[in-house]
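Numbers 1 to 1038, taken from UniProt numbering, label the letters of the sequence shown in order.
Beta carbons are placed, not taken as given, at the ideal position from N, Cα and C, and that holds for glycine.
One structure is given below, encoded as structure tokens.
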Amino acid sequence: MSSHAILALVADQNSPDNNRRLAAELQFNKLAAEDPSQVAFELIQGACSADEKIDIRQACLLHLKRLVPKFWSMGFESFVGPPIDQKLKQDIRSSLLKLVSTDPNSKVRSGSAYVIVQIAAADYPDEWPDLLVQLYDLARDLNNHTAVVGSLSVLTDLFDDLISEEQFWEGGVGSQLLSYITNLLGQDALPADIKTSALKLYLTVYNTLSSAEAVEVPERKAAVVDHIVKMFMLAGQLLEKSCNATANSLNLSEIYFRMKLYRVIANILSTYRKRVGKDLVSKVCTIMLQDLTYSSNAYKLVALDGNTQSIVAGTHNELDDPARVITNHLAELLSTLSLIQDSLPLVKNYPLEVFEELTRSIVQCAILPAETAEEYVSDFNAYVTEISGLSGVTTARDAVRDYVMDLGDKDAAQLFDMIKNEAMNRSLDWRSQEAYLLLAESAFSNEQAESVGADLQLSQYLASIDELVDQAHPLLVARIFILLPKFIEKFSGKLSVSDFGGVQFKNTYAFASSPSSEESFKLVKASSLVAATFWNQVPGLKLKDMGLESQGQIVQIASDLLDDSEEDTPPVIMEALSVAIDIDQRNAFTLIVNDEYSVIDIIIKAAFKDPANVQLTIDSRECLDTLLKDVSLQEFLQVCDRSLPFVIKIIQEAVSSTAVEYSPKLSLALDLLGNLLVAAPSKANDQAADSFPKDVFDFAFPVLRQLIMKASDDQILQSGAEVFNSLLQKAPKYFVEYSDPETKESGMHILIAVAGKFLSPELSDSAAMNCGLIVASLFENFQAFFDSDFFYQLLEATVRRLVIAKGVVTIENLVMVFCKLVLNASPENLINALTAVNVVMPDSQQQRNGLEAVLPIWFGSFEVTRGYEKIQQNILALGKLYSLNDSRLSSMIVDGDIIPYEGDMIITRSKSKTMPQKYTQIPAPVKILKLLANELGFQCQQPNAEDYQIENRGDDDDNGDDWEDLEDIGVPTYEKLKSYVDSDEEEEDGAPVGDQTVKEMLVQFFKECISKNLGNFQQYYEALDEDEKKILTENVVF
């Protein structure tokens, strides 16, 4: 194996040729598995070689990082061996430290730091005890700037993993680090990039300074507060010096440094605001306002004018994009400024000209770059991504919008007064007008700014806005359409939403649906669809009053954009269609646009524009649900006629292939099929099976059955099981009557085969996630068709599947099978059946009966069960099992409370994962009581809406005698507790009527337990802990 061969494979793994890249990956992995030491040696040699290209050196470090978990140490979970030679490990560690502290290329240093962090996870402190000392020494060598920056970078990455809270607070590490960082920052001669690295480390350390442990000891709290005040003062001084240093230049390193400074200032103000004096904050705010003027001018020069000639470039790779550096800096500056203005409003503390300059600066930052505007005009999808806030990249406009939306009331009102008329200024270019409208829209979206537009002539302002629409640039019109619903919502208390809002709603869609041959007009159409969501949020706007014409116009616009829509536009189309459907659901079933497309056609077509888009899948299902809500049978069949053939065809294509493989298209088809089946109408006073269309069953069932039996992909089987269960619930009668036209196989036989596949232990936990749903439906709907032998076989298979299940949802669904058997049949029958079943437990390989196998898992699942109905059914089922007072249950011993570790060894997070938990051992009935008592405690902590009604609040001067009496009770004996309950029941008229809440159900259960000694409660009560007894006393008795 030659060095050249390894480096050639490294290079080929970045080849654009797929075959070449795949071959290189396979060969590299083969060589690494055969001789990891040799491969690791060649990689570190390649990384250290100054003769190699930078991308090859980076790749060598990346591959070395990937080798470490597999071949470095058994401390890694993914270790496979053989391990890399010990002497070579030492050489690699030394070489990495040398690279990180001497190499002039920042990308190589960063790559080396990543490998060091990976190795340290296993080697520190046992194999690499002097790592921190070496890094500290390098960081102190102020004559070697590369070493300082490199070591600070590694320390930043390692801090959370290597330095414990005890070392930080008690071992002196914290004070040393903070002293070193502040000393570095105070060195005027050091360049900005070193100080930036120091701030990155400080921001990591600050997480510890802002933790609860920082203030739990008075001496520690005093030291932390003293440091915080000094650090804030230092930050102010550094900020002022940095601003002075860039007064006549565009130095990216200094701008990047200030961005990190603002993050430090923001963190301090967020956690220690009261500890920093107002004068000090005011001084920092003044500097920041000056920096905002500077930064907005820099943004205009670089981002708007495209002038980069005067930039002093930085050496770090994070400074490669000047516009991005300035934008990120503005975002941090404005975010921190907003935080300051919460307690220091500019209106009250600065002259008007300061506010005028701030307004000029943020307007400048809100102007759309010409290049971006051209992109939006040529591709409306890019615009939709931007106005939907889904671009994932922060822009200066985003920063300005967030800043204005977070302003306090007085500052927001002042800002709006300064800009309110500028958008209508015809002497301005459209980009400036659009920027002013963006600020106005943001002010309208500011929920705490109640004084915005207090003196505004609303109808006159609306009329002025309307005048802008005609013959304006499409992007200006688009901004107006986004602004209008937010304006109406902001002033909904001052104007008639139904009148003004209704007119603007109708005008928007009438204008956007008007014929236009201009490609740029699609921007206007797209913005109107985005606005539909905002209109839907306007309180008091009744969509049903918007009329059929507006409904048709929205659907028309959606249809017009559909073919060219991509990325984030199809989800917007779905949301707009939902709004259109809500205008008149019945009319939506018959509405046709372009003489061809119905609403369901557009939904299906839009959904499959990008099946891999998760948001689109969610929106598609929600839109379909909106259309199908309370659907009539005729309407349902109409929807099925236009959608089922397309959906079923996709499933049939998957079934007809050699192997059923996952595809987003197939997954979406199953999701939509499931939605259709669930929405099928049920006739009043009739069985669902009789009202479900048989043609739909005959069309969907055969292909769904084939898919499930042939598929092996986890996701497809999950979705397939969910859809299959929907069909079971909706049409059980047709399963009984069904006969395969070719094989003559009965529907019941097919049903058993499907259930058998999902219960098979060969199926992965993920694939079997919904098998519990199918089994529960079988017991619920088909038990009359099973003989006793099959019942026991199905129950045994369910138990066997449960004991090997690992996923929370899989276990939860399987447990629901036993819940429903208790509730729908007899708890005694279930106990009889389970004790007759024997299974081998996978962990211990010991044989247990079904009851012994199921109950511990059930108890564990109860504590994490989600969903109100599931929790309610679990409570009822466990309560019935307890009330049975069966000796087979009371003699069963299960895990109770966790026994805390009492040794002297310090338990780290990694060690705790390997140490088995120890539990007290208690009877199963006691466990049930503990679970239900703790659930009662949780339910009683939930807020009650009635508590917030003014009329229900007690007088403020209540002497609190009732609470004093409760405190005197303490933890009563069973006899005392029973006397309270008996006395309470004498005063009650009778049992509660109607549906009970979970809390009411639990209270009623425990009252019966106490008053009737249900299930031998007196004996088990003594086994409850003090907290559990208090829960019963406080919530059952009082």
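Q | Reduced DSSP secondary structure (H/G/I, E/B, other) of I752 | A | Position 752 of the sequence shown, counted from the first residue, corresponds to residue 752. Helix, per DSSP.
Q | Simplified DSSP assignment, three categories, for Y738 | A | As a position in the sequence shown, residue 738 is number 738, starting the count at 1. In the three-state DSSP reduction, Y738 falls in the coil class, being neither helix nor strand.
(Q) I'd like to check one pair, L889 with A924: are the Cβ atoms closer than 8 Å? (A) Locating residue 924 in the sequence shown gives position 924, counting from the first residue. Locating residue 889 in the sequence shown gives position 889, counting from the first residue. For A924 and L889, yes; Cβs fall inside 8 Å.
Q.
Rounded to the nearest angstrom, what separates K1030 and Y1020 at their Cα positions?
A. If you number the sequence shown from 1, residue 1030 lands on position 1030. If you number the sequence shown from 1, residue 1020 lands on position 1020. K1030 and Y1020: Cα-Cα distance of roughly 15 Å.
**Q.** Cβ neighbour criterion (16 or more within 10 Å) applied to M74
**A.** In the sequence shown, the residue the question calls residue 74 occupies position 74. Exposed is the call here.
Q. Taking DSSP as the reference, what is the three-state secondary structure of R848?
A. Position 848 of the sequence shown, counting from 1, holds the residue named residue 848. In the structure shown, R848 falls within a strand segment according to DSSP collapsed to helix, strand and coil.
Q. Between the segment 540 to 555 and the segment 581 to 598, do three or more beta carbon pairs fall short of 8 Å?
A. Between the segment 540 to 555 and the segment 581 to 598, the count of C-beta pairs closer than 8 Å reaches three or more; the two stretches touch.
Q. Beta-carbon separation of L131 and A122 under 8 Å?
A. Along the sequence shown, read from residue 1 onward, the residue named residue 131 stands at position 131. Along the sequence shown, read from residue 1 onward, the residue named residue 122 stands at position 122. No.
**Q.** Among A323, N328, M418 and V894, the one whose alpha carbon lies nearest that of E353
**A.** Your numbering for residue 353 matches position 353 in the sequence shown. Taking E353 as reference, the option from A323, N328, M418 and V894 with the minimal CA-CA separation is M418.
Q) Taking C-beta to C-beta, are F511 and V469 nearer than 8 Å? A) Numbered from 1 along the sequence shown, position 511 holds the residue referred to as residue 511. Numbered from 1 along the sequence shown, position 469 holds the residue referred to as residue 469. F511 is a Cβ neighbour of V469, given a cutoff of 8 Å.
Q | Counted within 10 angstroms of its Cβ, other Cβ atoms place A247 as buried (16 or more) or exposed | A | Start at 1 with the first residue of the sequence shown, and residue 247 comes out as number 247. Classification for A247: exposed.
**Q.** Residue interval of the alpha helix (DSSP H) (run including D141)
**A.** Position 141 of the sequence shown holds residue 141. For D141, there is no enclosing alpha helix (DSSP H), as DSSP marks it with neither H nor E.
Q: Pull up the distance between the alpha-carbon of I326 and that of L252, whole angstroms please.
A: As a working note, residue 326 is residue 326 in the sequence shown. As a working note, residue 252 is residue 252 in the sequence shown. Roughly 8 Å between the two C-alpha positions.
Q. Less than 8 Å separating the beta-carbons of A669 and Q718?
A. Here residue 669 refers to the residue found at position 669 of the sequence shown. Here residue 718 refers to the residue found at position 718 of the sequence shown. For A669 and Q718, no; Cβs fall outside 8 Å.
(Q) Please report the distance separating the alpha-carbon of D379 from that of L561. (A) Mapped onto the sequence shown, residue 379 falls at position 379. Mapped onto the sequence shown, residue 561 falls at position 561. Here the alpha carbon of D379 sits roughly 11 Å from the alpha carbon of L561.
**Q.** Bridge partner(s) assigned by DSSP for L250
**A.** Numbered from 1 along the sequence shown, position 250 holds the residue referred to as residue 250. DSSP, once it has assigned bridges, lists I311 as partnering L250.
Q) Would you say L795 and A833 are within 8 Å of each other, going by their C-beta atoms? A) Residue numbering aside, residue 795 sits at position 795 when the sequence shown is read from its first letter. Residue numbering aside, residue 833 sits at position 833 when the sequence shown is read from its first letter. In this structure, A833 lies closer than 8 Å to L795 by Cβ.
Q | Pick from D51, L751, G772 and L462 that is closest to I708, judged by C-alpha positions | A | The residue labelled residue 708 in the question sits at position 708 within the sequence shown. Nearest in C-alpha terms to I708, of all of D51, L751, G772 and L462, is L751.
Q) Contact between the segment 825 to 832 and the segment 840 to 847: three or more CB pairs below 8 Å? A) No contact exists between the segment 825 to 832 and the segment 840 to 847.
Q.
Applying the 10 Å Cβ sphere with the 16-neighbour rule, what's the burial state of F697?
A. Position 697 of the sequence shown holds residue 697. Flag for F697 reads buried.
Q: Evaluate contact between the segment 231 to 242 and the segment 259 to 277, counting only Cβ atoms and requiring at least three cross-stretch pairs below 8 Å.
A: A contact is defined here as three or more CB-CB pairs under 8 Å, and the segment 231 to 242 meets this definition with respect to the segment 259 to 277.
Q. When the distance is taken between beta carbons, is V497 closer than 8 Å to Q414?
A. Taking the sequence shown and counting its residues from 1, the one referred to as residue 414 is at position 414. Taking the sequence shown and counting its residues from 1, the one referred to as residue 497 is at position 497. It is not a contact, given that the beta carbons lie outside the stated cut-off.
**Q.** Cβ-Cβ separation, L931 to E863 (assumed contact under 8 Å), whole Å
**A.** Position 863 of the sequence shown holds residue 863. Position 931 of the sequence shown holds residue 931. With 8 Å as the limit, E863 and L931 qualify as a contact, their Cβ atoms being about 7 Å apart.
Q. Where do the ends of the alpha helix (DSSP H) carrying T372 lie?
A. In the sequence shown, the residue the question calls residue 372 occupies position 372. Annotation: the continuous alpha helix (DSSP H) that includes T372 extends over A370 to S378.
Q) Apart from the five residues just before and just after S15, which ones in its own chain have a Cβ nearer than 6 Å to its Cβ? A) Taking the first residue of the sequence shown as position 1, residue 15 is located at position 15. Cβ within range, chain order: R21.
Q: Below 7 Å CB to CB, which residues in the same chain sit around D955 once its five sequence neighbours on both sides are set aside?
A: Your numbering for residue 955 matches position 955 in the sequence shown. Any answer about D955 is weak, because its pLDDT of 43 lies below 50 and its placement is not dependable; what the coordinates show is given next. In the same chain as D955, and ignoring 5 residues on each side of it, no C-beta atom comes closer than 7 Å to its own.
Q.
My output table needs one value for A367: the three-state DSSP class, helix, strand or coil.
A. Translated into the one-based positions of the sequence shown, residue 367 becomes position 367. The sequence shown places Ile at residue 367, not Ala. Assigned with DSSP and collapsed to three states, I367 falls in coil, not helix or strand.
Q.
Taking the alpha helix (DSSP H) that I465 belongs to, which residues open and close that run?
A. Numbered from its first residue, the sequence shown carries residue 465 at position 465. Segment L458 to V469, the alpha helix (DSSP H) holding I465.
Q.
Using 8 Å for Cβ pairs, my map puts V572 next to S296. What's the rounded Cβ distance?
A. Counting from 1 along the sequence shown, the entry for residue 572 is found at position 572. Counting from 1 along the sequence shown, the entry for residue 296 is found at position 296. Actually they do not touch by this definition, with Cβ atoms about 31 Å apart.
Q | Separation of R57 from T146, as counted between CA atoms | A | For the purposes of this step, residue 146 is taken as the residue at position 146 of the sequence shown. For the purposes of this step, residue 57 is taken as the residue at position 57 of the sequence shown. Rounded to the nearest whole angstrom, the C-alpha separation of T146 and R57 is 18 Å.
Q) When you compare only the Cα positions, how much space is there between V68 and T196? A) The count along the sequence shown starts at 1 and reaches residue 68 at position 68. The count along the sequence shown starts at 1 and reaches residue 196 at position 196. Roughly 30 Å separates the two Cα atoms.
Q. Using a Cβ-Cβ cut-off of 6 Å (strictly less than) and excluding sequence neighbours within five positions of R479, which residues of its own chain qualify?
A. Counting from 1 along the sequence shown, the entry for residue 479 is found at position 479. So the list reads E434 and L437, once near-sequence residues are dropped.
Q: Take the Cβ of Y206 as the centre, count every other Cβ of all protein chains shown within 10 Å, and call the residue buried at 16 or more, exposed below.
A: One-based indexing of the sequence shown puts residue 206 at position 206. Buried, since its Cβ has 16 or more Cβ neighbours within 10 Å.
Q: Pull up the distance between the alpha-carbon of A711 and that of E661, whole angstroms please.
A: Taking the sequence shown and counting its residues from 1, the one referred to as residue 711 is at position 711. Taking the sequence shown and counting its residues from 1, the one referred to as residue 661 is at position 661. Roughly 7 Å between the two C-alpha positions.
Q | Best match in F257, N725, D582 and Q187 for proximity to Q537 [C-alpha to C-alpha] | A | Counted from its first residue, the sequence shown places residue 537 at position 537. That would be D582, whose Cα lies nearest to the Cα of Q537.
Q.
Residues in the same chain with beta-carbon distance under 7 Å from V854, minus the five sequence neighbours each way, listed in chain order, please.
A. Stepping through the sequence shown from its first residue, residue 854 is reached at position 854. Annotation for V854: V799, L802, F818 and L834 place their beta carbon closer than 7 Å to its own, counting only its chain and skipping 5 residues before and after.
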